[in-house]
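Notes follow once the structure below has been shown.
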Amino acid sequence: MNYLRISTLLKFDLRESFNSALWIGYSWIYFAFQLFVYGSIISRLIVTVNNYFYFYGTGLIVLSTFNIASWSGRRFVESAHEGRLRYMLSLPIGRREFFVEQLLHGVTVNLVRTFPPVAIVLYLSKLFSVSSFLSTLLVLTLVAIGVMGLMISLSVIAFKSFDIYSAIVAALSALLIRFSTINYPISSMNSIYAGASLSNPLTYGADLLRRAIGLDSSLLVNQDAALSMLLALSVGTLFLGIFFISRFVEGVKSS
Amino acid sequence: MNQASNLLRVTRVDLSYFFRTKWLILTLITLNLSDMLVVGLIYSNMMTFNYFIFFVPGVVIAGMFAAALDVGRRVHLGLSEGVSQYYLSLPLSVNALAMAHILSAGLGGLLFSGTLLLVALILVPKLISL
Numbered sequence: 018m019n020y021l022r023i024s025t026l027l028k029f030d031l032r033e034s035f036n037s038a039l040w041i042g043y044s045w046i047y048f049a050f051q052l053f054v055y056g057s058i059i060s061r062l063i064v065t066v067n068n069y070f071y072f073y074g075t076g077l078i079v080l081s082t083f084n085i086a087s088w089s090g091r092r093f094v095e096s097a098h099e100g101r102l103r104y105m106l107s108l109p110i111g112r113r114e115f116f117v118e119q120l121l122h123g124v125t126v127n128l129v130r131t132f133p134p135v136a137i138v139l140y141l142s143k144l145f146s147v148s149s150f151l152s153t154l155l156v157l158t159l160v161a162i163g164v165m166g167l168m169i170s171l172s173v174i175a176f177k178s179f180d181i182y183s184a185i186v187a188a189l190s191a192l193l194i195r196f197s198t199i200n201y202p203i204s205s206m207n208s209i210y211a212g213a214s215l216s217n218p219l220t221y222g223a224d225l226l227r228r229a230i231g232l233d234s235s236l237l238v239n240q241d242a243a244l245s246m247l248l249a250l251s252v253g254t255l256f257l258g259i260f261f262i263s264r265f266v267e268g269v270k271s272s
Numbered sequence: 009m010n011q012a013s014n015l016l017r018v019t020r021v022d023l024s025y026f027f028r029t030k031w032l033i034l035t036l037i038t039l040n041l042s043d044m045l046v047v048g049l050i051y052s053n054m055m056t057f058n059y060f061i062f063f064v065p066g067v068v069i070a071g072m073f074a075a076a077l078d079v080g081r082r083v084h085l086g087l088s089e090g091v092s093q094y095y096l097s098l099p100l101s102v103n104a105l106a107m108a109h110i111l112s113a114g115l116g117g118l119l120f121s122g123t124l125l126l127v128a129l130i131l132v133p134k135l136i137s138l
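Those protein sequences? They're chains A and B, same order as listed.
In terms of our numbering, the first sequence has 177 at position 160, counting the first letter as 1, and numbering is strictly consecutive.
In terms of our numbering, the second sequence has 19 at position 11, counting the first letter as 1, and numbering is strictly consecutive.
Here is the structure:
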C-alpha cells in the first residue's frame, strides 16, 4: 500500500469536495431546521419516549451520515458516467489503494460535515464528555464505512444501467431508513416491522450511537449485538468493495 | 388554435416522459407508501391520538408536490441536453412552452397523487367522511 499516492489523490479529492462552502453550510442549516422545527414539534406529540427530542437528534445524525456516505458512493458512479473514472484508473495507483482513498475521502467528508450536528446534540443534551464525543465519532465512522462500501459495491449495477442503479439505491435507502430505529424505538413497532428492523444495520448504528452519547438505553437494542453487526457490516462491505473494484471496474462506462 | 394544439402536444410529451422515468416513479412510490404504511403506523403507536389518519392525507399532498416539482428537473435536463432548443424551433411561443411544462407538472402531480389517494382510501375508508 503506497500511502503517499493515497494522500496525494485524497488531498485532490478533498479540495474539490470542500470547494463549495455553500453546500456544507446548507447541510448544517438543514440539520438545524429539521431538529429545531420538526424535531421539537414531533417531540411534543410523542408520549412513549422520554426526551424524544434527543432521540430524534441522534437519529438525524445517523441519517446525515447515511446520506453523505450514499453521496460518496453515488459520486463514484457519476465519475464513471462522466468519464472521470477512466482518467482516475490511468493514474499510477493500485485498485485497492484507489478504493481505500475513496473510502478515506468519504469518511473525512462525513466527519467534517457531522461534527457541528454532533456537537449541538451533545451540548444540548448535557451529555458532552471526551469519551462520549470520541465514541460518537467512532460509531459514525463505522456506519459511514459500511454504507459507503455497500454503495460502491452496488455501483457494479450502474455500469450496466445508471437508471436501474438510481432506482435501486433510492428505493433501498427509503426502506432502510424507514425500517430502522433512526426515528423510532424498536418497542413501538409491530412484530413484522421489528423483525425487518433487526435485520437492518442502520438500526444497530443508530442505537449504538445513542448508547455512545449516553441516552436512555432501555429502548435500545443490545450493545454487543449492535457493535458486532456494525463491525461485520464495515469489514464485510470493505472487502466486497475491494473485490468489486479490482474485478469489474476496468474499462467501464456507465450507461 | 394552432398554438393551443401544439401546447397540448408538448404537454403530452412532457407528461409521458415523467411516467416513463421508471426510477423516479419507483422512488416516489417507495417513499410515499413507506411513509404511509411504516412511518404513519409506527408514530401512531407513540402518540395519544390516531396519527395515521392525520398523516395519510399529508403524504398524498407531499406526493403531489414531489411529482409536480419534478418539472424543474425535466426543464433543466432539456436545457442541458439542448432539447429546449428543439422546442423553441417548433411553432410555439415561449409562453406557450412554459405553460405546457406547468400543465404537465400539474397533471403529473394530480395523476400521481390520485393513485396515492386511491391507496389511502382503501387503507382508511374513513377519509371520505373527514
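For each residue, glycine too, the CB sits at the ideal point set by N, CA and C.
Note that the structure is predicted; figures quoted are calculated from it, not measured.
Can you look up B:Glu89 in the DSSP assignment and give me helix, strand or coil?
Translated into positions along the second sequence, residue 89 of chain B becomes position 81. Coil.
Can you tell me which of the three DSSP states A:Pro218 falls into?
One-based indexing of the first sequence puts residue 218 of chain A at position 201. A:Pro218 falls in the helix class under three-state DSSP.
Between A:Ser146, A:Ile41 and A:Tyr182, which has its C-alpha nearest A:Gly90's C-alpha?
For this step, residue 90 of chain A is matched to residue 73 along the first sequence. When only C-alpha atoms are compared, the closest one is A:Tyr182.
Does the distance from the C-beta atom of B:Trp31 to that of A:Ala187 stay below 8 Å?
Taking the first residue of the second sequence as position 1, residue 31 of chain B is located at position 23. Taking the first residue of the first sequence as position 1, residue 187 of chain A is located at position 170. Their beta carbons are under 8 Å apart, which means B:Trp31 touches A:Ala187 by this criterion.
Measuring straight from C-alpha to C-alpha, what distance separates A:Met105 and A:Gly76?
Along the first sequence, one-based indexing puts residue 105 of chain A at 88. Along the first sequence, one-based indexing puts residue 76 of chain A at 59. C-alpha separation (whole angstroms): 35 Å.
Answer yes or no: do B:Val18 and B:Leu100 have a C-beta to C-beta separation smaller than 8 Å?
As a working note, residue 18 of chain B is residue 10 in the second sequence. As a working note, residue 100 of chain B is residue 92 in the second sequence. Cβ atoms of B:Val18 and B:Leu100: closer than 8 Å.
Measure the alpha-carbon distance for A:Gly274 versus A:Pro133 and round it to whole angstroms.
Absent from the structure is residue 274 of chain A, since the part of chain A shown begins at 18 and ends at 272.
Using a beta-carbon distance below 8 Å, is A:Ala223 in contact with chain B?
As a working mapping, residue 223 of chain A is identified with position 206 in the first sequence. Taking Cβ atoms only, chain B never reaches closer than 8 Å to A:Ala223, which makes this a no.
Straight-line Cα distance separating B:Gly90 from A:Thr82
Locating residue 82 of chain A in the first sequence gives position 65, where the first residue counts as 1. Locating residue 90 of chain B in the second sequence gives position 82, where the first residue counts as 1. A:Thr82 and B:Gly90: Cα-Cα distance of roughly 36 Å.
List the residues of chain B that A:Ala191 touches, going by C-beta distances under 8 Å, in chain order.
For this step, residue 191 of chain A is matched to residue 174 along the first sequence. Those are Thr35, Thr38, Leu39 and Ser42, listed as they occur along chain B.
Determine the direct distance from the alpha carbon of B:Ser52 to that of A:Ser205, and round the result to whole angstroms.
For the purposes of this step, residue 205 of chain A is identified with residue 188 of the first sequence, where counting begins at 1. For the purposes of this step, residue 52 of chain B is identified with residue 44 of the second sequence, where counting begins at 1. Cα to Cα, A:Ser205 sits roughly 9 Å from B:Ser52.
Minimum C-alpha distance to A:Val138 - residue among A:Arg264, A:Lys28, A:Trp45 and A:Phe35
Taking the first sequence and counting its residues from 1, the one referred to as residue 138 of chain A is at position 121. Considering only alpha carbons, the answer is A:Trp45.
Could you work out which residue in B:Val68, B:Asn103 and B:Gly86 is closest to B:Gly117 when comparing CA atoms only?
Taking the second sequence and counting its residues from 1, one reaches residue 117 of chain B at position 109. When each option's Cα is compared against that of B:Gly117, the closest is B:Val68.
For chain A, check one thing: does any of its Cβ atoms lie closer than 8 Å to the Cβ of B:Asn53?
Translated into positions along the second sequence, residue 53 of chain B becomes position 45. So, interface residue.
What in chain A is Cβ-close to B:Val47, meaning under 9 Å?
Position 39 of the second sequence, counted from the first residue, corresponds to residue 47 of chain B. The answer, in chain order, is Arg195, Asn200 and Tyr201.
Quick check for students: name the residue ranges of the alpha helix (DSSP H) that lie wholly in the region 52 to 115 of chain A, counting only runs of 4 or more.
57 to 62, 69 to 98 and 101 to 106
Hey, does A:Leu62 have any beta-carbon neighbour from chain B nearer than 8 Å?
Stepping through the first sequence from its first residue, residue 62 of chain A is reached at position 45. Yes, A:Leu62 counts as interfacial toward chain B.
Which word fits A:Glu33, buried or exposed, when buried means at least 16 other C-beta atoms lie within 10 angstroms of its C-beta?
Looking up residue 33 of chain A in the first sequence gives position 16. Exposed is the call here.
Using the Cα positions of A:Phe93 and A:Lys28, report the straight-line distance between them to the nearest angstrom.
Reading the first sequence from its first residue, position 76 is the one you call residue 93 of chain A. Reading the first sequence from its first residue, position 11 is the one you call residue 28 of chain A. C-alpha separation (whole angstroms): 16 Å.
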